[in-house]
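Visitor:
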Amino acid sequence: MSEKKYWQNFGERSSSESSRKLAENEFQEDLPMESFDSKGLLDVKTPRRDFLKYLGYSTAAATLAASCKVPVRKVVPYLNKPDNMIPGVADYYATTYVSGGDAISIVAKVRDGRPIKLEGNELSGITQGGTSARMQASVLDLYDTARLRYPVQMVNGLPQEVTSFEAFDKLVSQSMAAQTGSVVLLTGTITSPTSNQIISEFLAKYPGSRHVQYDADSFSGMLQANEAAYGKRAIPSYRFDIAKVIVSLGADFLGTWLSPVEFARQYAKGRKINEQAPEMNRHYQFESLLSMTGANADERFTHKPSETGAVALALLAALGGNVTAPAISEKLKAAVAKTAKDLAAAKGKALVISGSNDMYVQLVVNAINEAVGANGTTITWSAPLLTRQGVDAEFATLVDDMNSGKIGSLLIYDANPAYDYYDAKKFKIGLEKVKTSVSFNGRLDETSELCKYVLPSPHFLERWGDTQAKPGYVSLIQPVIAPLFLTRPYEDSLMKWSGNTLSYDEFFKKYWEDKLGGLEAYEKALQDGVLESKTDAGTGAGATYNASKLGDAATAIGSKKGSDLELALYMQVSMGTGAQANNPWLLELPDPITRGAWDNYAMVSPKFFKDNYDIDLSDAHQADHFEVHPERPVIKIKANGKETSIPVVPVPGTAEGVIAIAVGYGRESADPKKTAAFIGRAVPGAGRNAYPFATSNGTTVDWSATGASFEKTNEEYQIAFSQTHNSYEGRTSVIKEMNLEEFIKDPNEVLEEREKELKNFGGIANYEKEGTLYGYYDKPGIHWGMSIDLNSCTGCGACVIACHAENNVSVVGKNEVMRFHDMHWLRIDRYFTGNYADPDSVQTIFQPMLCQHCDNAPCENVCPVSATNHSSEGLNQMVYNRCIGTRYCANNCPFKVRRFNWADYNQADSFPNNQDQHGVGALNESVLMMSDDLTRMVLNPDVTVRSRGVMEKCSFCVQRLQDGKLKAKKADRPLLDMQDVRTSCQQACPTEAIVFGNINDSKSAIVKERVNNQHRVYHVLEELHVLPNITYLAKVRNPESEAKA
Amino acid sequence: MHHYRPRALRISYSFLLTTVILLFGNLSMAQDGKALFQSNCASCHNPIKVLTGPALKGVTSRVPDQKLLHAWIHNNAAVLASGNKYFNDLYVQFSKTPMSTFPGLSDAEIDAILKYIETYPEPGPASGKNNPNPEQAPASDNSLLYGILTLILAVIMLILMQVNSNLKKLSDDKSGVPSSDPVPFYKNKAYIALIVLVLFVLGGYYLVQAAVGLGRQQNYQPVQPIFFSHKVHPGTNQISCLYCHGGAWDSKHAGVPSLNVCMNCHAAINDYKGEPLHREDGTVVDANAEIQKLYSYTGYDPASGKYTEPGKQIEWVKIHSLPDFVYFNHSQHIRAGKVQCQTCHGNITQMNEVKQFAELSMGWCINCHRTTKVNFPDGKGNGNKFYGIYEKFHQDLKSGKMDSVTVENIGGTECYKCHY
C-alpha cells in the first residue's frame, strides 16, 4: 500500500490551526438571535422574562393549534378514468433526453400523470442505461417557472401575449412574406430524421433559404479535419472499451466531451479488474487544467493551451511521423516519449483523442491514430456520431450576412448565440437588422428576447420526436405529460408555414408506421424507445486516410505563439454549455474537482497564488485564511480585448501560467433586472459569462486565449465550497489505493493491512463478534449491502442528482452551502495526493460517500428518542416524525453523512410568518423557487418532504426496497437480484460502479462482487467497529512502471 | 406532628401510585382484547349482534368448559368432527358457514378476547343511540369504581389524619408541651400539596390522552354529497368491493371509483325498489332522488339514454386519512397479507353511511402486525415463495422453536416499513 498522504483541502494537508478548529467546531452553531447583538444570552436585559414569555406564548399557540378541528378533506375521483392508469401506481415510458445535439435514451417514471424521475434505457446500444447529471436533472426543467407559457410578440423588449397559434401564424407569415432577404433556419445540431425531412421540405418552399446548425461546444475543427483526412465531414465512433492505451489531449471524454455517457461506460470496462488475471487500460492525459477525466488518468501531464498542437506534433514525431515539432519543455518531451513508446507497443489497441477545436490539431491527431492503427479498430467509421454537426465558418458567414442585411427572416430553435457565441455582440447587432426574427426556444433567453416573435417549443417530455445519434441507432421521443403551457413543436410551425396540412404528431406517426410497416411495429418501437438495426449500423464503410493536409497542419502549429499567461475555457460536468442554467439541482452539484457550487471562478495553480498574493498554501497559517473562509480575491482578467472580474481559486494540477474559467454561467438578459423573469430565478448572481474570452482562428472557435493579463483588485467574493465540510478528523483509513504492478506482485496487500489492524480484535474473520461489547443480532431473510468500485467511479455526479430527484432532497442555496448546510445525501469526496507544487504529480481520487448503514451504528446509540434505529434488514432507519432535532446523531457519525434541516427549505411551515426567511440565514431565491406549486410537481409522492428541525440521510432508497419486495410477494416468487430492487444511485451510474443487493443471498451480484474482488474489498474506517454495510473496492492505478520507463 | 407528616404523605403517594397503576394496567389488558377481537374476529362477529357468526356475549356461560371453548377457537373443524352437539347445532343454524381457524392465538390472548366480549356493555333500550361509543364503556366502568374507592379511602385518610393531629394536640396540652396554633386543613401545606399532585396527575393524564387523540377520527361519519349506501351495494346486491375500489388490488390507494364505474350499472338502473333507506338521524332517504343526483353530476339524461350535459366531479368527503408521513399500501395488505377489507373497515355491508370503524392509530397498526401470521411456506407448496429466503425461520419452524411467523418476525414493526 502506498504511503501517500491524501487531502481534501490545503488546510487539511498542513493540519492548520483553523482547519483543526473547524473540525472541532463542526457542529457548533450559534442561535440566530439578532436582538441579542454580541452581548450573549445572559447579558441582555430580561432574558428570563423573555424566555417565560416565549414559553407562555408557545404553550398558548400549541393549545390553540391543538384545539382546532381536524380539517374536512375532500377526495375527488376522475369523472371518466383513463383505462390504463391506476392512481398511486407509477407507469414507465421510454423516451429520449435531448439537449443540443445530445441524445440519451431514457425511461420516464410517471406517477399520477406527472413525470418525476428519469432513468436510463437499458435497451439502448449506445448508452446501455447510463445517465448523466444533466439528464437526471432535466425533469426539473419541465417544471421550470421561467418557461415561456404562450406565444409572444416582443414589443420594446417586453413580451406581449399572442392568444392563439392561428394569430401567431398569421403575424409571422405576413411578416415573412414582406421580406426580400433570404430565409435562414438556425438550430442546434438536429439528429432527428423526421425533423430533417420537414426542414428540407420547408427549405424547398423558400428559394434561397438555408439551414445553419450551430453548437455552443463546437466540434467544427474535428469535422473539417476529418473531411480533409477521410473525405467525410463526420465524427467517428470511438471504442474506449477495446483500447489498451488511451491518450487524451485535453478531451474531457468522461465528463463533457462528445458522448460522455457512452464513453464512460466503455472506459470503465477497461478499468474493472478481474482478480484472476489483473489487467487494465492505461490512460494518459495531457491538459492545461485539471479536468474530471484528467483526475481519472494514470499519467497526467500539463501544458499551456497554446502548446496543444506542439504536444500532438511531438507525439506524432515520436511515433515516426515525418514532421518536425516545435520546441517543448524537457519534461513534456520525456512525457511524450513515454506515451509514444506505450502507444507503439499497443498498436491496434490504442486510441488518441483531442478536445481541441482547431482543425490542424485534429489533423495531427488523425495522423497519430493512423500511426497507432486506431482507424478501423478503436475508431470506426461505419456508424459515425451525428450529435455535433455545426460548422463554425457557416455560422460566421450567417452573422456576416445578418449584419449586411442579406437575411430577411431568421428562425431560431435550440440555439442561443446571443449568450454562447464568442462574438455575441456582433450576432446581436446582426439580429437587430433581421426584419422577421422568430425564436422557438422554450424561454425568453438572451437570443429570444431580441427576436420579434417567440413561439415556445415544448419540453422534450411533452412532445413527440426522434433522434438518431448514429446511423442505425434511432431513439424515439414520446410525450409523458400533456403540454403544461401553450407550446407547439417548431416542426409544426415549419410545416404550417410551408403549406403542409398535417400536424407534426400525425406526420411523425405516419413516417414511422410507413417505415416500420404497420401500427404494431410502431407501438413496439415506442414501447422499447429505441430502434436499432444492426444491419444499418454495420453497412457504413471504413475510411481511407489521406495525409495531404498534414504538412499545412505542421506549419500552422509551428507558427502558433504562446504567452506567459493564457486563458483556457472548459465546461463543468454539471452546467455544460449553460442551457440548463436555471436548474437548482445542477447549480448545487459541487464541481468534481473544486467542490464549488453555484458559481464559476478562475482556476489557477497554487504557484500563481504564491507569486501574486504571497500566500504559501503549504504554510499552515497562510492556508488558513484561505480554506476556512469562503472569500476569494477577485482579479480583473483581460484577454483579446475583453475583460471581466472573477474570483480566483487555486487548484492543484492546474498548469503554470494558465487561468481556467468554466463557461455556462453568468447568463443575463439585456436588461439585467429582467433576468429572473426571463431566464430564471436561480440565474441572477450565478457566475460570470466566460464565452466572450473565446477566440476565432479564422475558421473555428477556440476555447483559449493567449496574451491574457490580469490585475489584482481589492474586492473579495464568496464561493460556496464544500471541500472543508465533513472532516474525518484526521482518521486516515478512508482511501485505499495501489498500482496495478504492486497489486499483481502482492494482491494481498489490502487484506494484510486490514488483518494487521484488526489482529487484536479477532482478525477479519471474527472481528464482528469479538471486537465489541454489544450483542450480536441476526439478520434473517434480507440483509442489504452495497459495494462501490473506486476504480469505476469517474466522479461525474449523476448519482448525486438521481438521489436528489428520487428522495426529494432539498435545495438549500448558496448562502446555506456556505454555512455548511448542504443537504446532499450522497456526496462525492475528492482527494488530492502528490506534490501540489508540481501539477503533473497531483493525483485525484473520487469517493462517493453516503450513509454506510452501519450494523453497529454510532448514531443510533445516542438518539434520545430512538428516531434512528436499526432494522432487521440492516438498514439504519431515520424516522422524521419522531426526530426532535438534537443532532447528536450527526455529531456521532464518523462518516459525516447526516444532514440537518436547519431552515424551512420547503416552505412547509403551517405558520405563514415562519416562512419569512429574511433574517439570519436568508434563503436564496433559488430555494424559494423550488417551493413553487409548479416546481413541487417533481416531488416523489412516496417519500416524505422533510420539515425544519429534523435530521435526514440516505435511506438506501427504502421506498424502492419496499416496492421491490412487494412486487415479488404479489407475484409469489423470490426476490430477483438486480431487477426488483436497485437504488437510484446504482441505476444512474454510467459505469456500473455501484452494486446493491441482498448479502444473505449467496447468488446475488453483491456477494459475487465482494467474493470476486476479495483482495480489494475494504470498509471505510473499519477499525471503529461500526460494521458498515457498504464496502469499497480499493482504487488501482496503472501508471507506466518506473523500471520499464 | 413532625414525624407523622412525611409518613402520611408517603402513604398517600403509594395509594395514588397503586390506583394509577391499576387503572392503566386494566386499561391496557382490555385494550389488547379489543384489538385482538377487532383484528381476528370482528369481520364475522359482534359481541351483541348476530352477523356472519353468532353474537358472542355470554359465550362463556353458554360454553362453561373453558378448554372446549379454546379448542373450538383454535381449530373448530376438529371440534365439529368430534361430534359436539352444541357446536354442530350452531353450525347448522348458521347455514354451515365454516369459521376460520386460529391456531396461532395463545390461550392468554383468547382469554383477553373473551374478557373483552364479556365486559362489552348490554345494548340499552335505545340500542346504542345514547351511548355512541360503547367500546370505551368497560374501561370507564372500572375507572369509576377505582375512583370511588380512592375517594372513600382518601376521605377516611383525611379524617384519620385530622383525628390523629387532634389527639396529639390533646396529649401535648396535657403534658404541657407548648404547641403552635392549629392550622386549619385548607391551609395545611401537606393537603395543598396532595391536592395539587392529584390535579397534576389527572390533568396530565387527560392532556396526554387528548394529545394522543389529536387528528384521530374514529367513528367519523360525515354527510356525503350523494347518499351512497354500502348496505345496498356490497350488502344487498353483493357487489365485490374490488369492482369499485379496484385500486386496492394494484395500488397503495384503494381509490374512490370514477363516475364512469357508477354509470356501468346506473345507466340502466334508475329506480330503487329495495327497503326504505334511513339516515343516521332516522330520516328517510329518497333513493331515486340520489340516483338523479348522480345523473346530474355525469350529465346523463335517462330519458334519451345519452350524456347531454358536460359532467362535473363529485367532491366526496374523505373519511379515512393517514398522516403524510405514513406509507400505507392497500395492495400489500390485500394481496400479500390476504387481509379482508372488513378487518379494518368494519362491517361495511351494514353501513348506509360509511363511518370510520378503526382507530387508524399506530398502536392499532402495530397490534395487528404483532399478531398476524405471515403466509409462510410450509414446505408442502403452500405459502408465498418470497419468504423462502428466511432460512433461519424455516429451521426454527422445523425444529419447533417457533410455531408460526408473524409480521413482526419479518420486521413488520420496524420504522422503515411505514415511515420514509
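The listed protein sequences correspond, in order, to chains A and B. Yeah, the first sequence ends on 1065 if you go by my numbering, and it's all consecutive. Yeah, the second sequence ends on 641 if you go by my numbering, and it's all consecutive. A virtual CB, placed ideally from N, CA and C, is assigned to each residue, including glycine.
Run through DSSP, which three-state label would residue 725 (chain A) get?
Guide: Walking along the first sequence from the start, residue 725 (chain A) turns up at place 705. Here residue 725 (chain A) sits in strand by DSSP.
Visitor: Tell me which residues of the region 532-550 of chain B have at least one Cβ-Cβ distance to chain A shorter than 8 Å, keeping chain order.
Guide: Cβ contacts with chain A come from 532, 533, 534, 535, 536, 537, 538, 539, 542, 544, 545, 546, 548, 550.
Visitor: Identify the residues that DSSP records as bridge partners of residue 486 (chain A): which are they?
Guide: To locate residue 486 (chain A), count along the first sequence from 1; it is residue 466. BP columns for residue 486 (chain A) point to A:496.
Visitor: For chain B, is any of its Cβ atoms less than 8 Å away from the one on residue 997 (chain A)?
Guide: If you number the first sequence from 1, residue 997 (chain A) lands on position 977. Residue 997 (chain A) does not count as touching chain B.
Visitor: Buried or exposed for residue 385 (chain B), going by 16 or more other Cβ atoms inside 10 Å?
Guide: Indexing the second sequence from 1 puts residue 385 (chain B) at position 164. Answer is exposed; the Cβ neighbour count stays below 16.
Visitor: Whole angstroms are fine: how far does the CA of residue 483 (chain B) sit from the CA of residue 280 (chain B)?
Guide: Residue numbering aside, residue 280 (chain B) sits at position 59 when the second sequence is read from its first letter. Residue numbering aside, residue 483 (chain B) sits at position 262 when the second sequence is read from its first letter. Roughly 43 Å separates the two Cα atoms.
Visitor: Would you report the Cα separation of residue 887 (chain A) and residue 969 (chain A), rounded to the nearest angstrom?
Guide: Start at 1 with the first residue of the first sequence, and residue 887 (chain A) comes out as number 867. Start at 1 with the first residue of the first sequence, and residue 969 (chain A) comes out as number 949. For residue 887 (chain A) and residue 969 (chain A), the distance between alpha carbons rounds to 13 Å.
Visitor: For residue 320 (chain A), which beta-bridge partners are listed by DSSP?
Guide: Start at 1 with the first residue of the first sequence, and residue 320 (chain A) comes out as number 300. A:305, per the DSSP bridge assignment.
Visitor: State the DSSP-derived secondary structure class of residue 789 (chain A), mapped to helix, strand or coil.
Guide: Position 769 of the first sequence, counted from the start, is the residue given in the question as residue 789 (chain A). Of the three classes helix, strand and coil, the one that applies to residue 789 (chain A) here is helix, per DSSP.
Visitor: With 16 as the cutoff for other CB atoms within 10 Å, does residue 239 (chain B) come out buried or exposed?
Guide: Reading the second sequence from its first residue, position 18 is the one you call residue 239 (chain B). For residue 239 (chain B), the predicted model reports a pLDDT of 46, less than 50, meaning its position is unreliable; a value from the coordinates is still stated below. Exposed, since its Cβ has fewer than 16 Cβ neighbours within 10 Å.
Visitor: Check the Cβ of residue 642 (chain B) against every Cβ in chain A and list those closer than 7 Å, keeping chain order.
Guide: For chain B, the structure presents residues 222 to 641; residue 642 (chain B) sits outside this window and is missing.
Visitor: Alpha helix (DSSP H) containing residue 651 (chain A): first to last residue?
Guide: For the purposes of this step, residue 651 (chain A) is identified with residue 631 of the first sequence, where counting begins at 1. Looking at the DSSP string, residue 651 (chain A) is not in any alpha helix (DSSP H); the run it does join, the beta strand (DSSP E), is 651-659.
Visitor: In chain order, what residues of the same chain lie with their CB nearer than 7 Å to the CB of residue 30 (chain A), ignoring the 5 residues before and after it?
Guide: Translated into the one-based positions of the first sequence, residue 30 (chain A) becomes position 10. These residues qualify, in order along the chain: 637, 643, 646, 647.
Visitor: With DSSP run on the structure shown, which of helix, strand or coil describes residue 848 (chain A)?
Guide: Looking up residue 848 (chain A) in the first sequence gives position 828. Strand at residue 848 (chain A).
Visitor: Does the Cβ-Cβ distance between residue 296 (chain A) and residue 320 (chain A) come in under 8 Å?
Guide: The count along the first sequence starts at 1 and reaches residue 296 (chain A) at position 276. The count along the first sequence starts at 1 and reaches residue 320 (chain A) at position 300. Taking 8 Å as the Cβ cut-off, residue 296 (chain A) and residue 320 (chain A) do not qualify as a contacting pair.
Visitor: Kindly indicate which three-state DSSP category residue 231 (chain A) falls into: helix, strand or coil?
Guide: For this step, residue 231 (chain A) is matched to residue 211 along the first sequence. Of the three classes helix, strand and coil, the one that applies to residue 231 (chain A) here is strand, per DSSP.
Visitor: Using only the alpha-carbon positions, how far apart do residue 595 (chain A) and residue 166 (chain A) sit?
Guide: Taking the first residue of the first sequence as position 1, residue 595 (chain A) is located at position 575. Taking the first residue of the first sequence as position 1, residue 166 (chain A) is located at position 146. Residue 595 (chain A) and residue 166 (chain A): Cα-Cα distance of roughly 18 Å.
Visitor: Alpha helix (DSSP H) containing residue 420 (chain A): first to last residue?
Guide: Here the question's residue 420 (chain A) lines up with position 400 in the first sequence. Residue 420 (chain A) -> alpha helix (DSSP H) spans 412-423.
Visitor: Compute the distance between the beta-carbons of residue 706 (chain A) and residue 601 (chain A), then report whether it is under 8 Å.
Guide: Mapped onto the first sequence, residue 706 (chain A) falls at position 686. Mapped onto the first sequence, residue 601 (chain A) falls at position 581. In this structure, residue 601 (chain A) lies closer than 8 Å to residue 706 (chain A) by Cβ.
Visitor: Any heavy atom of the ligand GTP inside 7 Å of the beta-carbon of residue 886 (chain A)?
Guide: For the ligand GTP, the structure offers nothing, since it holds no ligand at all.
Visitor: Within 10 angstroms of the Cβ of residue 556 (chain B), are there 16 or more other Cβ atoms? Answer buried if so, exposed if not.
Guide: Taking the second sequence and counting its residues from 1, the one referred to as residue 556 (chain B) is at position 335. Buried.
Visitor: In three-state DSSP terms, what is residue 623 (chain A)?
Guide: Reading the first sequence from its first residue, position 603 is the one you call residue 623 (chain A). Reduced to three states, the DSSP call for residue 623 (chain A) is strand.
Visitor: Mind listing which residues of the region 596-628 of chain B have their C-beta closer than 7 Å to chain A's C-betas, in chain order?
Guide: Result list: 605, 606, 607, 609, 610, 611, 613, 614.
Visitor: Within the same chain, show all residues whose beta-carbon is closer than 7 Å to that of residue 330 (chain A), passing over the 5 residues directly before and after it, in chain order.
Guide: Locating residue 330 (chain A) in the first sequence gives position 310, counting from the first residue. Only 345, 346, 348, 577 meet the Cβ criterion.
Visitor: Using the Cα positions of residue 730 (chain A) and residue 677 (chain A), report the straight-line distance between them to the nearest angstrom.
Guide: In the first sequence, counting from the first residue as 1, residue 730 (chain A) sits at position 710. In the first sequence, counting from the first residue as 1, residue 677 (chain A) sits at position 657. For residue 730 (chain A) and residue 677 (chain A), the distance between alpha carbons rounds to 12 Å.
Visitor: Would you list, in sequence order, the uninterrupted alpha helix (DSSP H) runs of no fewer than 4 residues that lie entirely inside the region 357-407 of chain A?
Guide: DSSP runs (the alpha helix (DSSP H)) wholly in the region 357-407 of chain A: 379-391.
Visitor: Can you list, in chain order, the residues of its chain with a C-beta nearer than 8 Å to that of residue 685 (chain A)? Leave out the 5 residues immediately preceding and following it.
Guide: For the purposes of this step, residue 685 (chain A) is taken as residue 665 along the first sequence, with counting starting at 1. Contacts found: 595, 598, 601, 619, 620, 706, 707, 708, 709, 710.
Visitor: Alpha carbon to alpha carbon, how far is residue 1026 (chain A) from residue 327 (chain A)? Give it in angstroms, no decimals.
Guide: As a first step, residue 327 (chain A) is located in the first sequence; it is residue number 307 there, counting from the start. As a first step, residue 1026 (chain A) is located in the first sequence; it is residue number 1006 there, counting from the start. Those two C-alpha atoms are separated by around 46 Å.
Visitor: Where residue 325 (chain A) and residue 994 (chain A) are concerned, what is the direct C-alpha to C-alpha distance, given to the nearest angstrom?
Guide: On the first sequence, position 305 is the one that residue 325 (chain A) refers to. On the first sequence, position 974 is the one that residue 994 (chain A) refers to. Using only the alpha carbons, I get a separation of about 57 Å.
Visitor: Go ahead and label residue 381 (chain B) buried or exposed: buried means 16 or more other beta carbons lie within 10 angstroms of its beta carbon, across all protein chains shown.
Guide: Along the second sequence, one-based indexing puts residue 381 (chain B) at 160. Looking at its Cβ environment, which holds fewer than 16 other Cβ atoms inside 10 Å, residue 381 (chain B) is exposed.
Visitor: Flag this pair as yes or no: are the beta carbons of residue 628 (chain B) and residue 593 (chain B) separated by less than 8 Å?
Guide: For the purposes of this step, residue 628 (chain B) is taken as residue 407 along the second sequence, with counting starting at 1. For the purposes of this step, residue 593 (chain B) is taken as residue 372 along the second sequence, with counting starting at 1. Going by C-beta atoms, residue 628 (chain B) is nearer than 8 Å to residue 593 (chain B).
Visitor: Output the residue ranges of the alpha helix (DSSP H) runs that lie fully inside the region 267-351 of chain B and measure 4 residues or longer, sorted by chain position.
Guide: Correct list: 280-283, 287-295, 297-302, 306-314, 328-340.
Visitor: Roughly how many angstroms separate the alpha carbons of residue 1057 (chain A) and residue 390 (chain A), rounded to a whole number?
Guide: As a working note, residue 1057 (chain A) is residue 1037 in the first sequence. As a working note, residue 390 (chain A) is residue 370 in the first sequence. Residue 1057 (chain A) and residue 390 (chain A): Cα-Cα distance of roughly 28 Å.
Visitor: Thinking C-alpha only, which one of A:1051, A:872, A:563 is nearest residue 756 (chain A)?
Guide: Within the first sequence, the letter at position 736 stands for residue 756 (chain A). Among A:1051, A:872, A:563, the Cα nearest to that of residue 756 (chain A) is on A:1051.
Visitor: Quick check: what's the CA-CA separation for residue 180 (chain A) versus residue 468 (chain A)?
Guide: Here residue 180 (chain A) is taken as the residue at index 160 of the first sequence, counted from 1. Here residue 468 (chain A) is taken as the residue at index 448 of the first sequence, counted from 1. Each residue's Cα considered, the two are about 13 Å apart.
Visitor: Measure the C-alpha to C-alpha separation of residue 108 (chain A) and residue 421 (chain B) and round it to an integer number of angstroms.
Guide: What you label residue 108 (chain A) is simply residue 88 of the first sequence in a count that begins at 1. What you label residue 421 (chain B) is simply residue 200 of the second sequence in a count that begins at 1. Roughly 47 Å between the two C-alpha positions.
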